[in-house]
Each structure stands twice: as structure tokens, then as C-alpha cells.
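Here's the structure, in C-alpha cells; my notes come after.
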Amino acid sequence: MNNVEPIPHDTAGDSECDHVLKHLYEYLDSEMTPEDEQRMRAHVAHCSPCLSELSVEDLVKQLVRRSCTERAPETLRVRIHQQLTVMSVVR
Ligand SMILES: [Zn+2]
């Protein structure tokens, strides 16, 4: 088992979860620096709240792209969120 080393970041007071949320869309749009992307992956690998946040946004993005609408309605986002939450609770 490898321990995941926290990757240092020069922004003081920037928690790993904040980092993920802050760069969520950059990640989804593949606009991250390789360093940031690596740090994000390392974090979501052991932080399920962030992983589900990432999955929700990823799903919403795919659905939006498929339906050709400008942006996802908030209700869709909430619904996917609820489903994922239920899934992770039941398991
Ligand atoms: Zn997190």
C-alpha cells in the first residue's frame, strides 16, 4: 500500500477539499496544470465527498452536452446529487 503524500501548494489556508472545488471546472475541461490535476486525483482517491462532487459535475456535463442545452438546470444537478448520495449510503 502506498501512502498518498500530500502535494505541497503555496496557497496558505487552502484545504485539499477547497482545492478540488475551486478547480472542478478546470479539471472537467482539462484545463488544469499537470501538477494540479495530479494533486486533485490524489485527493479524490481518498476523499469520497470530493469524488462524488466530481462525479456529479461530470455527469451533469455529459448530460448537458448530449441534450445540447446551454447549461444544466439546477434541478438536474440536485437530482443527480441525491441519487449519488443514496447510492453511496445503500451500497
Ligand atoms: Zn475532499
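Going by UniProt numbering, the first residue of the sequence shown is number 1, and it counts up by one from there. A virtual CB, placed ideally from N, CA and C, is assigned to each residue, including glycine. Here the structure is a predicted model, which means the values were calculated and not measured.
Would you say residue i and residue j are within 7 angstroms of each other, going by their C-beta atoms?
| i | j | result |
| --- | --- | --- |
| residue 40 | residue 27 | yes |
| residue 77 | residue 64 | no |
| residue 52 | residue 84 | yes |
Rounded to a whole number of angstroms, what is the C-alpha to C-alpha distance between residue i and residue j?
| i | j | result |
| --- | --- | --- |
| residue 11 | residue 19 | Unreliable placement is indicated for residue 11, whose pLDDT of 47 sits below 50; the coordinate value is still reported in the next sentence. Computed Cα separation, rounded: 10 angstroms. |
| residue 16 | residue 43 | 7 angstroms |
| residue 47 | residue 62 | 23 angstroms |
| residue 79 | residue 36 | 29 angstroms |
| residue 30 | residue 57 | 13 angstroms |
| residue 81 | residue 23 | 19 angstroms |
Distance cut 5 angstroms, beta-carbon to ligand 2 heavy atom: residue list by chain order: Absence of ligand 2 from the depicted structure is noted, with ligand 1 being the only ligands included.
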